[in-house]
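**Q** In the numbering used here, the protein residues as written are 765 to 1062. Pasting in a structure now, in C-alpha cells, and then I'll have a few things to ask.
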Amino acid sequence: MTKLTSRTLASLVHFEACGRLLSFSDAAKELSVTTGAVSQQIRKLEDKLGMKLFERQPRGILLTPEGKELLLVTQQSVEAIEAVVEMLQKRNAEDVVRLKSTPSFVFKWLIPHLRTFNRKFPDIRVETYADAALLDLTGGDFDLAIDYSNGEYQDFEAQLLMHETLLPVTSPNYMPDADWDDPAVWQKISLLHDSMPWPDSPRDAEWRYWLDQCGLNNVSSTRGHYFNRADMAIAAADAGLGIALARGSLVSEELESGRLIAPFPPVASCCDYYLLIPKGTAEGSSARVLRDWLQTLP
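Okay, here's the thing in C-alpha cells:
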C-alpha cells in the first residue's frame, strides 16, 4: 500500500467518523492532492487486492463490507499513531527518560546511584525498566539501556560504561575452616551460577571463564546450583549455599559490610557494561544529561 493510499484511507476514516457521505473530492482536499490522484490510488489498491472497497453512487461513495473491514483496521492504526504521538509529546514536556537494564544491575548498582542523580537534576524523571534476565532490546521502547556484553551491537550506539571483574564470593559461615589455597578444596565447593549472563552463553560460562583464567583448567565448572539472575546467585551465597561467581559492581556493599567474603582474586571479565543509544532516533536533552552523568561515575 502506497503512502498516498494509506493517507487517503486515513482521511476517509475521518469522514466516516463524522457521519458524512464518503467522497474522493473531500479526501483530496484533506490531503491537498487532486481528486484524480485519490481515485487512481484507490483503484490501484482495489486491483491489487482483487476486491471492491467502494460502491460508486451518484452523490458519493459507500464502503463495501470488505472496505468497512479495511477501514476498521486503518482507523485502529491512526488511533495508535495518535496515542504514540501524544505520549511522546507528553514525555518531552515532562523531561522523562526511559532507562532499561537487567534486574540484577538495576537493584544492585543503578538504584543506589539514582538518588544522587535525582538530587543533582530534580526536574528530570527517570523511568527505569528491568527486563528479564536477558535484556530485550526490541521494540525501541527506551531512550537509554545498560547491558552486560562484549559491546557488539548493530542497531545501537554502544558506549563503554564501565569495565567489569569476576570474583568468587561466599558467606563467612560457609566452610569457615577451609584452606582456600589447597587445590583439593574445589572438590568440596558448591558452585553457584548465573546461568544466563549474556545471550546464547553456556550455563556455566562465567565460572568456566574464571577457572581457566586462574589456571584451574581441570576443575569442573558444571556442578552446583543454577539461577537465571546474578543477584539470585549472590543471595544464595549470602545464605550459605555455596560460592557465587559475582560481578564486582554487584557485590561492593556486601563485601564492605562483611556479609560476603572473597576467598579468591578477581579477574577482568570477558564482558563489560555498555550504554546503548538507539540509532536513528533523536536523543533528547534529558537522556543526554543522564548518559553523560552515568559516564562520570567511578
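Quick reminder that beta carbons are idealized off the backbone N, C-alpha and C, glycines included.
Quick check: the Cα distance between residue 908 and residue 1052, rounded to an integer number of angstroms?
**A** Indexing the sequence shown from 1 puts residue 908 at position 144. Indexing the sequence shown from 1 puts residue 1052 at position 288. Spanning the two alpha carbons is a distance of roughly 9 Å.
**Q** Less than 8 Å between the CB atoms is what I'm expecting for residue 1006 and residue 936, so what's the real figure, rounded?
**A** Counting from 1 along the sequence shown, the entry for residue 1006 is found at position 242. Counting from 1 along the sequence shown, the entry for residue 936 is found at position 172. Not a contact, Cβ separation roughly 14 Å.
**Q** Using a threshold of 8 Å, state whether the C-beta atoms of residue 865 and residue 894 are closer than that.
**A** Indexing the sequence shown from 1 puts residue 865 at position 101. Indexing the sequence shown from 1 puts residue 894 at position 130. It is a contact, given that the beta carbons lie within the stated cut-off.
**Q** Once DSSP output is grouped into helix, strand and coil, what is the label at residue 836?
**A** Counting from one through the sequence shown, the residue named residue 836 turns up at place 72. Three-state result, residue 836: helix.
**Q** Pull up the distance between the alpha-carbon of residue 1038 and that of residue 1059, whole angstroms please.
**A** Reading the sequence shown from its first residue, position 274 is the one you call residue 1038. Reading the sequence shown from its first residue, position 295 is the one you call residue 1059. Going from the Cα of residue 1038 to the Cα of residue 1059 covers about 10 Å.
**Q** Near residue 885, what residues of its chain come up, given a Cβ to Cβ distance below 7 Å and the 5 sequence neighbours on each side ignored?
**A** Within the sequence shown, the letter at position 121 stands for residue 885. Excluding sequence neighbours, residue 885 sits near 1053.
**Q** Could you check what DSSP says for residue 864 in three-state terms: helix, strand or coil?
**A** In the sequence shown, counting from the first residue as 1, residue 864 sits at position 100. If DSSP states are grouped into helix, strand and coil, residue 864 belongs with the strands.
**Q** Would you mind stating whether residue 1024 and residue 1001 have Cβ atoms separated by less than 8 Å?
**A** Position 260 of the sequence shown, counting from 1, holds the residue named residue 1024. Position 237 of the sequence shown, counting from 1, holds the residue named residue 1001. The answer is yes: Cβ separation under 8 Å.
**Q** Among 977, 1012, 986, whose alpha-carbon lies nearest the alpha-carbon of residue 1068?
**A** Beyond the ends of the chain as shown, which are 765 and 1062, falls residue 1068; an answer cannot be given.
**Q** With DSSP run on the structure shown, which of helix, strand or coil describes residue 923?
**A** Within the sequence shown, numbered from 1, the residue matching residue 923 stands at position 159. In this structure, residue 923 counts as strand in the three-state DSSP scheme.
**Q** Between which residues of its own chain and residue 898 is the CB-CB distance below 8 Å, once the five residues before and five after are set aside?
**A** In the sequence shown, the residue the question calls residue 898 occupies position 134. 866, 960, 962, 963, listed in sequence order.
**Q** Apply the 10 Å Cβ neighbour rule to residue 996 and answer buried if 16 or more other Cβ atoms are within range, or exposed otherwise.
**A** Looking up residue 996 in the sequence shown gives position 232. Buried, because 16 or more other Cβ atoms sit within 10 Å of the Cβ of residue 996.
**Q** Could you give the first and the last residue of the continuous alpha helix (DSSP H) run that contains residue 916?
**A** Position 152 of the sequence shown holds residue 916. Note, residue 916: premise wrong, no alpha helix (DSSP H); not H, not E.
**Q** Measure how close the beta-carbons of residue 990 and residue 967 come, nearest whole angstrom, since I'm counting them as under 8 Å.
**A** In the sequence shown, the residue the question calls residue 990 occupies position 226. In the sequence shown, the residue the question calls residue 967 occupies position 203. The pair is a contact, with the Cβ atoms about 6 Å apart (cut-off 8 Å).
**Q** Between residue 1035 and chain C, is the shortest Cβ-Cβ distance under 8 Å, so that the two count as touching?
**A** The question asks about chain C, but that chain is absent: this structure has only one protein chain.
**Q** Does DSSP put residue 947 in a helix, a strand or coil?
**A** As a working note, residue 947 is residue 183 in the sequence shown. Here residue 947 sits in helix by DSSP.
**Q** Pick helix, strand or coil for residue 876, following the three-state DSSP scheme.
**A** As a working mapping, residue 876 is identified with position 112 in the sequence shown. It is helical.
**Q** Exposed or buried, what is residue 877 when buried is set at 16 or more other beta-carbons lying within 10 Å of its beta-carbon?
**A** Taking the first residue of the sequence shown as position 1, residue 877 is located at position 113. Exposed is the call here.
**Q** Whole angstroms are fine: how far does the CA of residue 981 sit from the CA of residue 917?
**A** Position 153 of the sequence shown, counting from 1, holds the residue named residue 917. Position 217 of the sequence shown, counting from 1, holds the residue named residue 981. Straight-line Cα distance between these residues: approximately 31 Å.
**Q** Which residue wins for smallest C-alpha separation from residue 882, given the options 970, 830, 859?
**A** The residue given as residue 882 occupies position 118 in the sequence shown. Of the listed residues, the one whose Cα sits closest to residue 882 is 859.
**Q** Using the Cα positions of residue 857 and residue 890, report the straight-line distance between them to the nearest angstrom.
**A** Residue 857 sits at position 93 when you count from the first residue of the sequence shown. Residue 890 sits at position 126 when you count from the first residue of the sequence shown. Note that residue 857 scores 46 on pLDDT, short of 50, meaning its location in the model is unreliable and no value can be drawn from it.
**Q** From residue 838 to residue 904, what does the alpha carbon distance come to, in whole angstroms?
**A** Position 74 of the sequence shown holds residue 838. Position 140 of the sequence shown holds residue 904. Near 23 Å, if we compare the C-alpha coordinates of residue 904 and residue 838.
**Q** Look at the Cβ atom of residue 1014, then the Cβ atom of residue 998, and state whether they are nearer than 8 Å.
**A** The residue given as residue 1014 occupies position 250 in the sequence shown. The residue given as residue 998 occupies position 234 in the sequence shown. A contact, by the Cβ cut-off of 8 Å.
**Q** So, for residue 933: in the same chain, excluding its five sequence neighbours on each side, which residues have a beta-carbon less than 6 Å away from its beta-carbon?
**A** To locate residue 933, count along the sequence shown from 1; it is residue 169. Counting only Cβ-Cβ distances below 6 Å, and skipping sequence neighbours, we find 1001, 1008, 1010, 1015, 1024, 1026.
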